[in-house]
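Note sheet for the following structure.
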Amino acid sequence: MTLSENEQETSPIVSKTGYFTHPDCRRHEMGPGHPECPERLDAIEDRLLVSGVGAGLDHRIAPEASIGDLELAHSKMHVAAMRGLGQEVKEAINAGGPAYAAIDPDTAMNVHTWSAITHAAGAALAATDAVMAGELENAFCAVRPPGHHATRDRAMGFCFFNNVAVAAKYALERHGLKRVAVVDFDVHHGNGTEDILGGDPRALMVGIFQHPFYPYSGDGSSYDNMVNIPVPAYTKGADIREMIEMLWMPRLEEFKPQMIFISAGFDAHREDDLGQLRMNESDYSWITMRVKDIARKYANGRIVSSLEGGYNLSALGRSVEAHLRALADL
Ligand SMILES: [Zn+2]
38 MTLSENEQET SPIVSKTGYF THPDCRRHEM GPGHPECPER LDAIEDRLLV
88 SGVGAGLDHR IAPEASIGDL ELAHSKMHVA AMRGLGQEVK EAINAGGPAY
138 AAIDPDTAMN VHTWSAITHA AGAALAATDA VMAGELENAF CAVRPPGHHA
188 TRDRAMGFCF FNNVAVAAKY ALERHGLKRV AVVDFDVHHG NGTEDILGGD
238 PRALMVGIFQ HPFYPYSGDG SSYDNMVNIP VPAYTKGADI REMIEMLWMP
288 RLEEFKPQMI FISAGFDAHR EDDLGQLRMN ESDYSWITMR VKDIARKYAN
338 GRIVSSLEGG YNLSALGRSV EAHLRALADL
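FYI, in this note's numbering the residues of the sequence shown are 38 to 367.
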């Protein structure tokens with residue numbers, strides 16, 4: 038049919054994969070030499086520009102999450118404490134005091150952190166809305182700080198609010214879904230997400246992480262809805278794929294999630310010195326495709342992925358490119 042060929046040629050390319058971020062996610066920083074640095078987002082954006090992958094995505098600016106939405110996953114006390122600390126940093130700077138408020142040796146707020154953390158969670162919420170509305174098939178949130186170590190009551194390990202857990206709760210509570218899955222392939226155990234979703238039969242979390250390693254949890258979880266795969270340092274990508282195939286996939290098939298969230302940490306990459314696992318770009322591409330198979334089978338393809346770790350800037354850029362190529366069929 039010549040007509041439809043012509044139509045195809047002239048109609049604008051509509052991307053089905055969203056890319057959510059916010060300028061303030063770059064302004065949060067925790068002091069010189071900290072691995073969770075603003076340059077991480079630059080490395081991703083540079084790579085997407087140079088590779089041409091960025092041109093195939095629907096770019097959107099993330100809104101702020103509301104206090105009520107943050108409280109779907111966090112206690113009122115924790116949300117208020119973060120807001121209060123953000124305010125204290127502002128006042129301290131105005132009074133000539135220090136530029137950071139430390140929460141633990143790895144985690145601190147600067148004057149932009151409150152805006153960064155509310156927009157990082159807001160990105161996952163807006164992505165959820167767009168995917169649920171059918172405007173996008175799936176989406177990636179290029180945000181920082183990451184979220185998967187933040188528990189219901191506590192900020193830790195570079196994380197303040199648990200972006201993925203807030204969005205998973207939002208999909209259940211505000212969109213009325215009955216089953217959501219969380220996939221976490223960061224090198225560190227997503228203890229915060231386990232704390233928030235553990236024991237909730239509407240959620241299934243599958244994770245693979247180096248163990249024993251920070252935060253020294255996840256081995257022998259007591260929750261039925263947690264499928265944890267602790268693996269020793271130096272485990273190869275091929276072995277990780279085999280374990281995922283054997284242990285994650287049957288549980289995901291059985292659960293039939295209506296939507297899938299990904300805690301997309303890329304610090305299990307062989308070039309990342311923060312962890313000692315041996316994954317590479319093709320492993321990230323493979324995992325993404327396997328998750329997409331489940332999403333297309335049970336969830337109309339609905340996936341919202343949010344950046345967690347990944348500290349070798351070059352490996353991070355290449356890994357996110359591979360993840361996005363798989364998400365967007367590019
Ligand atoms: Zn990590």
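Positions of the beta carbon are idealized from the N, C-alpha and C atoms, including for glycine.
- In this structure, the alpha-carbon of residue 153 lies about 16 Å from that of residue 139.
- Residue state for residue 207 is assigned as helix, using DSSP reduced to three classes.
- In its chain, beyond the 5 residues on either side, 241, 242, 243, 244, 284, 285, 288 have a beta carbon closer than 8 Å to the beta carbon of residue 264.
- Under DSSP, residue 187 forms no beta bridge with any residue.
- Among the bridge pairs identified by DSSP, residue 295 is matched with none.
- Going down the chain, each residue whose beta-carbon is closer than 6 Å to a heavy atom of ligand 1 shows up: 223, 224, 225, 302, 304, 345, 346.
- Around the beta carbon of residue 147, 16 or more other beta carbons sit within 10 angstroms, so the residue counts as buried.
- The region 127 to 142 makes no contact with the region 158 to 171; the number of CB pairs closer than 8 Å stays below 3.
- Setting aside the 5 residues that flank it on each side, residue 173 is surrounded in the same chain by 53, 54, 55, 95, 167, each with a C-beta closer than 7 Å to its C-beta; the list follows chain order.
- Cβ neighbours of residue 210 within its own chain (closer than 7 Å, five residues either side excluded): 109.
- Scanning its chain for C-beta atoms nearer than 7 Å, with the 5 sequence neighbours on each side dropped, one finds around residue 358 the residues 84, 85, 88, 90, in chain order.
- In this structure, DSSP gives residue 56 an extended state, which the three-state scheme calls strand.
- In this structure, residue 155 keeps its C-beta atom at 9 Å or more from the C-beta atom of residue 185.
- Looking at the DSSP output, residue 198 sits in no beta bridge, so it has no partner there.
- Short of 6 Å from the beta carbon of residue 340, and not among the five residues preceding or following it, lie these beta carbons of its own chain, in chain order: 175, 297, 332.
- Note on the region 218 to 257: whole alpha helix (DSSP H) runs with a minimum of 4 residues are 228 to 234, in chain order.
- Every alpha helix (DSSP H) of 4 residues or more that sits fully in the region 88 to 151 is shown, in chain order, as 104 to 107, 113 to 131.
- Looking only at 239, 250, 120, the smallest Cα-Cα distance to residue 198 is reached by 120.
- Counting C-beta atoms within 10 angstroms of its own C-beta, residue 338 has 16 or more neighbours from the protein chains shown and is therefore classed as buried.
- Here residue 363 is actually not in contact with residue 93; their C-beta atoms are around 12 Å apart, not less than 8 Å.
- Taken through DSSP and simplified to helix, strand or coil, residue 273 comes out as strand.
- For residue 314, same chain residues with a beta-carbon under 6 Å away, outside a window of 5 residues either side, are 224, 247, 272, 305 in chain order.
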